[in-house]
Amino acid sequence: YTVEDTGGTGKNLVNTSDPDWYVGRLSPATGNTTDQDQDKWVTTGYIPVTQETSYVASSTITTSGSRMNVTSSSRWYFFDAEKTYLGQTNGYKYNGGESYITIDNSSMAFMRVSFSITNLTDYQIEVGTTMTDYEPYIG
């Protein structure tokens with residue numbers, strides 16, 4: 006596959022070495038870590054977001070072995086520039102069966118995303134409205 010030239014960074018925004026990486030999920034009410042579901046969920050660190058930009062998530066589903074769009078089954082949490090919790094969204098948009106999120110709140114500066122631990126090996130968040138082939142995090 007071809008890696009898009011983005012100035013030395015790859016397309017996958019999920020860094021499992023991020024110091025804010027968390028085994029478990031965040032509280033939808035507070036955005037804080039919780040010890041609930043630590044055997045089922047993992048959560049990214051703070052990923053910078055850009056206004057009016059769309060993001061899509063994908064992973065290989067264990068039961069089918071197929072790579073699928075998992076945007077709607079992931080949990081998206083948003084924070085301002087000071088990393089103050091703004092809330093969780095379920096505002097997914099659909100494009101030919103592909104779901105994605107679009108940053109449309111000027112206060113949103115970072116997102117954290119919780120997803121199933123079974124998708125850990127090849128979970129990918131990237132800019133765009135359509136998923137592409139998996140690429141490991143480059144930085």
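In our numbering, the protein residues as written are 6 to 144. Ideal placement from N, C-alpha and C gives every residue a C-beta, glycine not left out.
Taking the beta carbon of residue i as the centre, do at least 16 other beta carbons fall within 10 Å, making it buried, or is it exposed?
i, result
"isoleucine 143", "exposed"
"threonine 76", "buried"
"valine 8", "Low local confidence applies: a pLDDT of 35 at valine 8 is under 50, so the model's placement there is unreliable, with the coordinate-based value given in what follows. Exposed, since its Cβ has fewer than 16 Cβ neighbours within 10 Å."
"leucine 125", "exposed"
"valine 119", "Looking at the sequence itself, residue 119 is serine, so the reference to valine does not match. It is buried - the Cβ of serine 119 has at least 16 other Cβ atoms within 10 Å."
What is the rounded straight-line gap between the Cα of residue i and the Cα of residue j?
i, j, result
"aspartate 127", "arginine 80", "17 Å"
"serine 64", "methionine 73", "6 Å"
"aspartate 85", "threonine 21", "22 Å"
"aspartate 42", "methionine 113", "26 Å"
"proline 53", "asparagine 17", "13 Å"
"threonine 39", "methionine 116", "17 Å"
"aspartate 10", "threonine 89", "Unreliable placement is indicated for aspartate 10, whose pLDDT of 42 sits below 50; the coordinate value is still reported in the next sentence. So the two alpha carbons sit approximately 32 Å from each other."
"serine 78", "leucine 31", "15 Å"
"valine 132", "proline 33", "24 Å"
"serine 121", "glutamine 129", "12 Å"
"proline 141", "valine 19", "8 Å"
"serine 69", "threonine 123", "13 Å"
"threonine 134", "asparagine 37", "28 Å"
"glycine 15", "serine 104", "22 Å"
"glycine 50", "aspartate 23", "6 Å"
"aspartate 138", "threonine 35", "33 Å"
Starting from the Cα of residue i, find the closest Cα among the options and give me that residue.
i, options, result
"aspartate 109", "Arg117, Phe83, Ser121", "Phe83"
"methionine 136", "Phe120, Ile106, Gln56", "Ile106"
"serine 111", "Tyr139, Gln129, Thr55", "Thr55"
What residue range is occupied by the uninterrupted beta strand (DSSP E) comprising residue i?
i, result
"glycine 92", "90-94"
"serine 63", "59-65"
"methionine 136", "From DSSP, methionine 136 is part of no beta strand (DSSP E); its letter is neither H nor E."
"tyrosine 82", "80-84"
"glutamine 129", "129-132"
"tryptophan 46", "46-48"
Check whether the Cβ of residue i lies closer than 7 Å to any Cβ atom in chain B.
i, result
"glycine 50", "Any reference to chain B falls outside this structure, which holds one protein chain only."
Original post:
Are at least three pairs of beta-carbons, each pair with one atom in the region 38-57 and one in the region 20-29, less than 8 Å apart?
Top reply: yes
Original post:
Should the region 82-94 be regarded as contacting the region 58-68, the criterion being three or more beta carbon pairs within less than 8 Å?
Top reply: Flag = no, the region 82-94 and the region 58-68 do not touch.
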